[in-house]
Amino acid sequence: MREPVEELAELVSGARRLVAFTGAGVSTESGIPDFRSPGGVWDRFDPNEFTYQNFIASEAGRRRYWELGKQTFPVIRRAEPNPAHRALVTLWRTGRLDCVITQNIDNLHQRAGLPPERVVELHGNATQARCLACEKPYDREHIQARLEDGVEVPLCDPPCAGIIKPRTIMFGEAMPRRELEEAERRARAADLFLVVGSSLVVYPAAYMPLHAKQAGVRLAIVNLSETPHDQAADLVIRGSAAAVLAAVIERLQSRPVSP
Numbered sequence: 002m003r004e005p006v007e008e009l010a011e012l013v014s015g016a017r018r019l020v021a022f023t024g025a026g027v028s029t030e031s032g033i034p035d036f037r038s039p040g041g042v043w044d045r046f047d048p049n050e051f052t053y054q055n056f057i058a059s060e061a062g063r064r065r066y067w068e069l070g071k072q073t074f075p076v077i078r079r080a081e082p083n084p085a086h087r088a089l090v091t092l093w094r095t096g097r098l099d100c101v102i103t104q105n106i107d108n109l110h111q112r113a114g115l116p117p118e119r120v121v122e123l124h125g126n127a128t129q130a131r132c133l134a135c136e137k138p139y140d141r142e143h144i145q146a147r148l149e150d151g152v153e154v155p156l157c158d159p160p161c162a163g164i165i166k167p168r169t170i171m172f173g174e175a176m177p178r179r180e181l182e183e184a185e186r187r188a189r190a191a192d193l194f195l196v197v198g199s200s201l202v203v204y205p206a207a208y209m210p211l212h213a214k215q216a217g218v219r220l221a222i223v224n225l226s227e228t229p230h231d232q233a234a235d236l237v238i239r240g241s242a243a244a245v246l247a248a249v250i251e252r253l254q255s256r257p258v259s260p
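The opening position of the sequence shown corresponds to residue 2 in the working numbering, with each subsequent residue numbered one higher.
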């Protein structure tokens, strides 16, 4: 009986439209904590204070949000891509990976070398911001510099002076329709759907593996803990994203590429 990593390598070896779905378990190995885990940010702060509605409705809500953002953004800024990110880039460069659908907001897939058009960000990107009035884009580093200079609620440059919001999805905010539709389309068109480092409990993102299965796509799940969709999967591996994907790449590189 083959070991699970060898089975996954076999599935990946034959793939030409692999779609990877990544969650917090990929980012944690780059030093970015899972906000939802015990002891995480949402254990220390009440998420109800950080809703989209509060952010839009009051300056106090925006001040509270940026206060938290000032503390958490440096963690993302310091993070570096890990072997899981690099493995996915290798799969793209060898013609197996179609795209990555991610719940992560850290921009690490792009920093690892994936073209932005190959990354579907369901929950946004924490390295970017924009004005809600005039749509002017801002680099989050620029906003962080303002916060560290003592600005409590950054506003758009004059004459606009509109509300600046990070390009991330807040509690109570609608998911981006274009990204959801693109993710579902790519999931259904895949020949292998690979979940990596996601507990698959945050919806509607967690519907993506089911969309793939409904279209007859093979489903593999790599995660440290159980997920609600394990029974639907063709292969489940309990393990870290970085270790498993690195092992898969090692096996692929030791065999000839399938014609």
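For each residue, glycine too, the CB sits at the ideal point set by N, CA and C.
Among the residues of its own chain, which have a CB less than 7 Å from the CB of Ser-172, if the five just before and after it don't count? Per the sequence presented here, residue 172 reads as Phe, with Ser not at that position. These residues qualify, in order along the chain: Pro-48, Phe-51, Thr-52 and Tyr-53.
Cβ-based burial, Arg-94 [other Cβ within 10 Å; buried from 16]: exposed
Please state whether DSSP places Asp-150 in a helix, a strand or coil. coil
Which residues DSSP lists as bridging Tyr-139, in chain order: Ala-130
To the nearest angstrom, how far is it from the Cα of Ala-242 to the Cα of His-110? 14 Å
Is it buried or exposed for Gln-145, if we count other Cβ within 10 angstroms and need 16 for buried? buried
Leaving out five residues on either side along the sequence, give the residues of the same chain with a beta carbon under 6 Å from the beta carbon of Gly-32. Ala-80
Just list the beta strand (DSSP E) runs in the segment 188 to 219, keeping only unbroken ones of 3 residues or longer that don't cross its boundaries, in chain order. 193 to 197
Per-residue burial, Ser-259 [other beta carbons within 10 Å of its own, 16 or more giving buried]: Since pLDDT at Ser-259 reaches only 46, below the 50 mark, its modelled position is unreliable, and the value read off the structure follows with that caveat. Result: exposed.
Cβ shell of Glu-153 (< 7 Å), same chain only, five flanking positions each side left out: Arg-64 and Trp-67
DSSP beta-bridge partners for Asn-224? Arg-239
With 16 as the cutoff for other CB atoms within 10 Å, does Arg-17 come out buried or exposed? exposed
Can the beta-carbon of Arg-119 be found closer than 8 Å to that of Cys-100? yes
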